[in-house]
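Numbering (full-length UniProt numbering), first residue to last: 1 to 316.
A virtual CB, placed ideally from N, CA and C, is assigned to each residue, including glycine.
Since the structure comes first, as structure tokens, the remarks are kept for the end.
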């Protein structure tokens, strides 16, 4: 064993590969959540919220300056009998180009400002993002903290204030069998950013007849202590959703609110119900505790159910 270790040390010392680093980071939160939809026999409308997340990141660079890295995430939530390990992503690139492979966001989620109106400790209904349209929830390729989100391949290009992302995944044949193929672009000018994108087969349908394509756009910016954002999505043959959100920061407190409106393309196409349209809304706050954050909020979704939460979160 000693000879093996000495030989390995000699190889590493003589190699020209650049130095690499492995770092740990993470976050935690705890609090209480109210959910009016939990009305089955034996269910309580309130529950204790608890989450712990640990990120393992490896980074390095070649002798020519090309950077590379990867991430694995560990997470445990309330009710878990054991923690979950998210599948890895690997990336390589420079200031202009980067390719990311594995468990990562698709092009739309990487560029469109879907989450600027997030409220509360937990995000509550997640009604503030426009790709959640009625019963069609979380369709797009997004990073998963628990398990495997699929093998996404995304190429990013950034120059000046312009950014372009193109992505696909390996779950299908890219014609009619389960693959989401997407492209999105963003442009930043000062305190403002606009973005737009398109996803073919956003619902990962396994047949051409079942494919649902999605268009999205967003625009947002900052005016002194105020921030505002609009994001909009149209899901083929289902419906469209527009979200307006804003926040105001004063002292150690930030208040965020959103209102969202969904219109079905045809009766029942988005599972809205008799009206064919529905309004969702929410409001929340964060208050710095100096190293941790007190957060809470309340929201109503398209089913007219209410969620509220209050608790503390921190990062390390």
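State yes or no: is the C-beta of residue 36 nearer than 6 Å to some heavy atom of the ligand MG?
Inclusion of the ligand MG in the displayed structure is not the case, the ligand content being empty and no account of it being possible.
Do you know how far the Cα of residue 142 is from the Cα of residue 176?
The pLDDT assigned to residue 176 is 49, lower than 50, so where the model puts this residue is not dependable, and the model offers no usable value.
Where residue 304 falls, given that 16 or more other Cβ within 10 Å makes a residue buried:
exposed
Count the C-beta pairs between the segment 150-163 and the segment 69-86 that are closer than 8 Å, then say yes if the count reaches three, no if not.
no
Where does residue 398 sit, in a helix, a strand or coil, going by DSSP?
For residue 398 there is no data in the structure shown, the boundaries of the chain being 1 and 316.
Hey, residue 302 and residue 278: beta-carbon distance below 7 Å or not?
yes
Residue 94 (DSSP reduced to helix, strand or coil)
coil
Element boundaries [beta strand (DSSP E), containing residue 244]:
239-250
Based on the DSSP output, what are the partners of residue 222 in its beta bridges?
227
In this structure, does DSSP put residue 111 in helix, strand or coil?
helix
Please classify residue 331: does DSSP put it in a helix, a strand, or coil?
The first residue shown for the chain is 1 and the last is 316, placing residue 331 beyond what the model contains.
Measuring alpha carbon to alpha carbon, tell me which of 179, 260, 220 and 190 ends up nearest residue 394.
Outside the shown range of the chain (1 to 316) lies residue 394, about which nothing can therefore be said.
Would DSSP call residue 291 helix, strand or coil?
coil
Going by Cα to Cα distance, which pick from 113, 287, 135 and 311 is closest to residue 128?
113
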